[in-house]
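First up is the structure itself, then whatever we jot down about it.
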Amino acid sequence: MTSVPASVSEATPRLARIVSLLKKSPATVSLLLLVIVATAAIGGLGAGPSEDVLAMVGIDLDDALSKWWTLLASTFFAASWPGLLLLLLVIAVGVGVAERFIGPWRALGMFLLGHVVSSLVLVALSAVGTADNDAWLAYIGGNYVVGAFGGATAALGASTASMNNLWRHRTQTWLMALSVMFALYLGIAETLQLLAGAVFGVVVGRLGNTGRNAQARRLFVRPSLRESRFLLATIVGTFAAGPLLAHLTANLAVGPLSTMATLTMQARPDADELSEMCGGHPACMSLQEIVGVSSLGAVVLSVIPLLLLLLCSEGLRRGRRLALWTAVAINALIALVVAASFVLFIVDPDYDPSEVAAGYLFIYILPSVVVPAAIAVLLFMKRSKFEVTGNIKAARRVLRATAWVAAAVVVLYVLMWFIEGNFGRLGLMDLLAQLTHILIPFPLPFVVELPQGLVTVLLYGFGGAVIWMVFGVQAFRILRTYIANTDTTEEGTARIRELLRSGGGSLSWMALWPNNAYWHSDDGRNAVAYQVHNGVALTVAGPFGAVDGQEAAARDFVHHAVEQGLVPCFYSAPADVGEALAGMHFERLEVAEETLLDIAAMSFKGKEWQNVRTALNRAGKLGIKDLWAPYSAMPPGVRAQFAEISEEWVSDKALPEMGFTLGGLDEVKDDHVMCCAAVDDDGLVHGVTSWLPVYTDGQVTGWTLDFMRRRSDGFKGVMEFLIASAVTHFQATVPMISLSGSPLANTAEVEGDAESSAVDKVLDLLGNALEPMYGFKSLASFKSRFQPAHRTLYMFYQDSLALPAIGLAITSAYLPGLSARQSAAIVRQMTAREAAK
Numbered sequence: 006m007t008s009v010p011a012s013v014s015e016a017t018p019r020l021a022r023i024v025s026l027l028k029k030s031p032a033t034v035s036l037l038l039l040v041i042v043a044t045a046a047i048g049g050l051g052a053g054p055s056e057d058v059l060a061m062v063g064i065d066l067d068d069a070l071s072k073w074w075t076l077l078a079s080t081f082f083a084a085s086w087p088g089l090l091l092l093l094l095v096i097a098v099g100v101g102v103a104e105r106f107i108g109p110w111r112a113l114g115m116f117l118l119g120h121v122v123s124s125l126v127l128v129a130l131s132a133v134g135t136a137d138n139d140a141w142l143a144y145i146g147g148n149y150v151v152g153a154f155g156g157a158t159a160a161l162g163a164s165t166a167s168m169n170n171l172w173r174h175r176t177q178t179w180l181m182a183l184s185v186m187f188a189l190y191l192g193i194a195e196t197l198q199l200l201a202g203a204v205f206g207v208v209v210g211r212l213g214n215t216g217r218n219a220q221a222r223r224l225f226v227r228p229s230l231r232e233s234r235f236l237l238a239t240i241v242g243t244f245a246a247g248p249l250l251a252h253l254t255a256n257l258a259v260g261p262l263s264t265m266a267t268l269t270m271q272a273r274p275d276a277d278e279l280s281e282m283c284g285g286h287p288a289c290m291s292l293q294e295i296v297g298v299s300s301l302g303a304v305v306l307s308v309i310p311l312l313l314l315l316l317c318s319e320g321l322r323r324g325r326r327l328a329l330w331t332a333v334a335i336n337a338l339i340a341l342v343v344a345a346s347f348v349l350f351i352v353d354p355d356y357d358p359s360e361v362a363a364g365y366l367f368i369y370i371l372p373s374v375v376v377p378a379a380i381a382v383l384l385f386m387k388r389s390k391f392e393v394t395g396n397i398k399a400a401r402r403v404l405r406a407t408a409w410v411a412a413a414v415v416v417l418y419v420l421m422w423f424i425e426g427n428f429g430r431l432g433l434m435d436l437l438a439q440l441t442h443i444l445i446p447f448p449l450p451f452v453v454e455l456p457q458g459l460v461t462v463l464l465y466g467f468g469g470a471v472i473w474m475v476f477g478v479q480a481f482r483i484l485r486t487y488i489a490n491t492d493t494t495e496e497g498t499a500r501i502r503e504l505l506r507s508g509g510g511s512l513s514w515m516a517l518w519p520n521n522a523y524w525h526s527d528d529g530r531n532a533v534a535y536q537v538h539n540g541v542a543l544t545v546a547g548p549f550g551a552v553d554g555q556e557a558a559a560r561d562f563v564h565h566a567v568e569q570g571l572v573p574c575f576y577s578a579p580a581d582v583g584e585a586l587a588g589m590h591f592e593r594l595e596v597a598e599e600t601l602l603d604i605a606a607m608s609f610k611g612k613e614w615q616n617v618r619t620a621l622n623r624a625g626k627l628g629i630k631d632l633w634a635p636y637s638a639m640p641p642g643v644r645a646q647f648a649e650i651s652e653e654w655v656s657d658k659a660l661p662e663m664g665f666t667l668g669g670l671d672e673v674k675d676d677h678v679m680c681c682a683a684v685d686d687d688g689l690v691h692g693v694t695s696w697l698p699v700y701t702d703g704q705v706t707g708w709t710l711d712f713m714r715r716r717s718d719g720f721k722g723v724m725e726f727l728i729a730s731a732v733t734h735f736q737a738t739v740p741m742i743s744l745s746g747s748p749l750a751n752t753a754e755v756e757g758d759a760e761s762s763a764v765d766k767v768l769d770l771l772g773n774a775l776e777p778m779y780g781f782k783s784l785a786s787f788k789s790r791f792q793p794a795h796r797t798l799y800m801f802y803q804d805s806l807a808l809p810a811i812g813l814a815i816t817s818a819y820l821p822g823l824s825a826r827q828s829a830a831i832v833r834q835m836t837a838r839e840a841a842k
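Taking this note's numbering as reference, the numbering of the sequence shown is continuous, increasing by one, and the terminal residue is 842.
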């Protein structure tokens with residue numbers, strides 16, 4: 006028998022993936038191949054095309070209409086291999102996404118039309134700039150432009166009309182923000198095409214009714230609180246990253262805000278400037294390069310404003326007031342620094358107005374003042390959207406710690422400044438200017454003389470970076486913390502118990518367990534128990550309390566979570582919670598199958614009950630009986646064995662005991678929880694279960710299985726005996742009991758989009774990794790022996806972009822005490838089991 010060569014077997018899946026890609030994105034793949042071939046044909050992959058070739062295929066901004074065919078021909082070419090890589094990336098993203106939502110032909114049509122329109126806009130802007138001698142737009146004239154950057158953004162913009170509300174808003178925000186950033190900071194011809202194409206695509210998508218959603222046809226839609234925060238956070242983040250973009254592309258950047266890089270980032274001096282600063286002394290230059298103004302500390306200090314504003318952007322997304330006022334202060338400070346620099350430049354005696362065109366000042370200086378000032382004003386006007394205060398004490402600790410570090414740096418700097426002989430060579434005003442340089446991470450509008458001495462230079466180069474990094478790290482921690490109502494006093498617990506007696510689901514009693522926070526409705530008749538992990542408000546099942554108020558409570562909790570900057574997520578909730586959330590754009594994912602026993606009709610007769618009858622008969626022969634009582638009413642010897650059995654079970658696991666919807670021995674000790682122990686004539690406990698009460702209108706209407714433990718050498722069938730005993734025990738008082746759901750054990754097929762399927766796979770991987778230690782799927786199989794009815798439990802989520810965070814939140818909730826070593830063990834187990842498939 007002939008074996009298949011390894012190379013062939015490896016190539017087959019690769020070929021299948023290529024065929025699948027061609028089927029899914031034929032237009033995108035075809036465009037990418039065409040661009041590569043066309044660019045190679047004109048020499049774009051080598052030294053670059055000649056001037057004559059560019060004149061044939063590129064748009065001449067000075068005379069485009071005489072070569073009208075270039076408006077379309079320029080679509081498929083790039084002038085260099087870096088330009089080709091960028092063009093391929095933009096096409097892959099723009100046309101690739103568009104093809105998925107509006108189909109290949111519409112995507113291709115918008116790509117070509119968008120390129121032509123954006124090219125015409127570029128030609129018009131260049132003509133206006135040349136006629137008005139504009140310092141920016143006139144500069145981009147005289148060049149040949151190739152590449153369909155505007156076509157790609159036009160296709161993407163048009164496709165947003167076919168997306169759901171969340172993805173449409175987010176994609177349009179990202180698209181416009183990035184396009185504006187590239188146009189204003191980089192400012193070359195291709196970036197203007199990007200912006201023109203994006204605007205054209207979004208407008209066509211809405212007015213042309215390419216989308217299925219009627220709301221997508223509206224040009225202006227009032228954003229929700231969450232989307233308003235996201236929009237403002239994106240604005241702050243975009244104009245924070247812009248100066249870095251201009252700094253990294255300093256040889257190309259000509260946009261009106263390109264000067265922001267030099268006006269807001271501490272620039273490292275070049276070799277000539279450093280030589281002038283040091284008077285040509287080699288020792289001084291070496292010291293400054295190692296620990297001074299040309300050192301790593303100077304690099305870190307130069308990006309501190311960017312890092313702080315990006316930090317504020319994340320805080321604004323979460324609705325944090327601290328982030329709001331920090332962003333307002335930084336943008337106002339940037340505007341003041343730039344304005345002061347401009348004023349000092351104007352009043353300088355050496356300033357000659359004839360040497361600097363007024364248009365240059367209008368295009369490059371005025372926007373650098375107006376933009377940060379406008380952002381500060383906008384944030385101030387929208388301050389009502391940022392009401393999350395966080396931990397006031399923690400904020401004070403951050404300010405206190407930063408102040409102490411700053412004071413220590415200043416005192417040490419002043420002391421070493423005198424000790425290392427700076428006084429005399431420099432004056433006290435120079436010392437004050439140097440301290441200002443250390444404390445304010447922005448270029449100063451005046452010349453600062455360099456200090457001398459190893460320690461002084463070290464503090465001058467690294468002191469400011471240390472101060473602001475201390476502030477940034479601690480502020481980041483505050484922005485990720487959430488202060489919730491975790492009232493564990495007797496009064497608070499009694500209030501929750503009272504609401505649970507009014508009404509709840511089979512898992513509602515778990516609301517009393519540790520690590521839960523509580524939201525209460527305004528009328529106090531309902532509540533929701535939840536935990537906060539990774540910015541996600543992860544509920545324990547659905548609302549509880551008055552039955553007629555639970556639907557409204559579910560909706561009001563969502564509003565509360567959004568106001569607090571959290572992502573609402575109902576976990577292990579029944580389908581009726583989803584009905585209550587109708588119209589709020591929630592999606593659902595199946596996470597468990599709850600097993601329900603209709604105990605009123607159970608008699609354990611028939612072939613299907615053979616295993617249960619065997620367990621009951623064996624228990625009778627061994628003299629084992631079921632002992633029912635709350636934990637506190639159990640005999641001391643039995644309670645001691647509860648702890649012994651539980652400890653034996655936990656010690657056998659490589660991971661800590663799980664929580665969230667899985668109770669341990671501490672949860673068993675609740676006097677409202679019923680316990681059942683399998684005890685023989687010698688008083689030996691073979692196994693134990695606990696049952697949580699389910700209330701409706703003050704009456705117990707059901708019980709839910711929670712705690713299950715068996716002695717390692719207990720008799721075979723002890724768990725079947727305990728559950729069968731529960732059926733007999735509860736049969737006279739309630740119609741139904743629940744064996745609960747098995748977490749992370751769902752094996753059903755999931756219907757939904759790619760995002761929900763992805764998070765379901767993550768949870769499935771986690772369940773597979775924990776299966777050898779916790780046996781969730783084995784437990785689900787065991788429960789099926791009792792011929793149960795099943796009720797699906799779901800995870801309801803509103804923000805599909807937050808699914809990765811939700812997956813991490815679920816993991817953190819179930820394994821709250823996980824160490825780094827144990828986390829690594831889970832990851833290894835997950836990857837090993839996946840690779841073995």
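Think of the CB as a built atom: it goes at the ideal place given N, C-alpha and C, for glycine as much as any other residue.
Using a Cβ-Cβ cut-off of 7 Å (strictly less than) and excluding sequence neighbours within five positions of residue i, which residues of its own chain qualify?
| i | result |
| --- | --- |
| ARG325 | PHE391, VAL393, GLY395, LEU484, GLY570 |
| ARG644 | TYR636 |
| LEU37 | LEU93, ILE96, ALA97 |
| LEU621 | PHE726, ALA729 |
| ILE107 | ALA163, SER164, SER167, THR215 |
| ILE47 | PRO54, VAL58, VAL62, PHE82 |
| MET181 | ALA203 |
| ASN520 | GLN536, GLY664, PRO821 |
| GLY722 | THR619, ALA620, ARG623 |
My assumption, with CB atoms under 8 Å, is that residue i sits in contact with residue j. Please give the rounded CB distance.
| i | j | result |
| --- | --- | --- |
| HIS691 | ARG715 | 7 Å |
| VAL128 | LEU197 | No, VAL128 and LEU197 are not in contact; Cβ-Cβ is about 10 Å, not under 8 Å. |
| ALA160 | ALA103 | 4 Å |
| GLY260 | GLY202 | With 8 Å as the limit, GLY260 and GLY202 do not qualify as a contact, their Cβ atoms being about 17 Å apart. |
| LEU91 | ALA32 | Their Cβ separation, rounded to whole angstroms, is 20 Å, which puts LEU91 and ALA32 out of contact at 8 Å. |
| TYR799 | ARG593 | 4 Å |
| SER577 | VAL563 | Wrong, their Cβ atoms sit about 17 Å apart, outside the cutoff. |
Comparing the CB of residue i with every heavy atom of the ligand ZN, is any distance shorter than 7 Å?
| i | result |
| --- | --- |
| VAL552 | Ligands displayed in this structure: none; no statement on the ligand ZN is therefore possible. |
Could you give the distance in angstroms between the alpha-carbon of residue i and the alpha-carbon of residue j?
| i | j | result |
| --- | --- | --- |
| ILE64 | PHE235 | 38 Å |
| GLY206 | VAL150 | 20 Å |
| ASP68 | ALA163 | 30 Å |
| VAL333 | ARG388 | 10 Å |
| TYR819 | VAL552 | 28 Å |
| ASP702 | SER184 | 58 Å |
| LEU329 | MET639 | 56 Å |
| LEU257 | SER123 | 21 Å |
| VAL684 | LEU744 | 21 Å |
| GLY477 | LEU404 | 11 Å |
| GLY35 | PRO109 | For the sequence presented, residue 35 should be read as Ser rather than Gly. Whole-angstrom Cα-Cα distance: 11 Å. |
| VAL537 | ALA624 | 45 Å |
| PHE187 | LEU253 | 12 Å |
Tell me which residues share the same chain as residue i and place their Cβ nearer than 8 Å to its Cβ, disregarding the 5 neighbours each side in the sequence.
| i | result |
| --- | --- |
| VAL296 | Residue confidence is low: VAL296 scores 49 on pLDDT, short of 50, so the model does not pin down where it sits. Its coordinate-derived value is still stated next. Cβ within range, chain order: GLY302, LEU459, VAL462, LEU463, GLY466, PHE467. |
In terms of alpha-carbon separation, which member of the options lies closest to residue i?
| i | options | result |
| --- | --- | --- |
| THR738 | THR176, MET589, THR44, VAL699 | VAL699 |
| PRO228 | GLY247, ARG175, LEU250, LEU200 | ARG175 |
| VAL343 | GLU568, ALA182, ALA378 | ALA378 |
| LEU371 | VAL121, PHE385, PHE347 | PHE347 |
| GLN646 | LEU689, GLY625, ALA585 | LEU689 |
For residue i, which residues in the same chain have their Cβ closer than 6 Å to its Cβ, ignoring the five residues on either side in sequence?
| i | result |
| --- | --- |
| SER30 | GLY101, GLU104 |
| VAL732 | ILE604, MET607 |
| THR331 | CYS317 |
| ARG530 | GLY550, ALA551, GLY554 |
Self-check item: Segments assigned alpha helix (DSSP H), at least 4 residues, entirely inside the region 612-672
Solution: For secondary structure counted as the alpha helix (DSSP H) over 4 or more consecutive residues, the region 612-672 holds these complete runs in sequence order: 615-626, 641-656.
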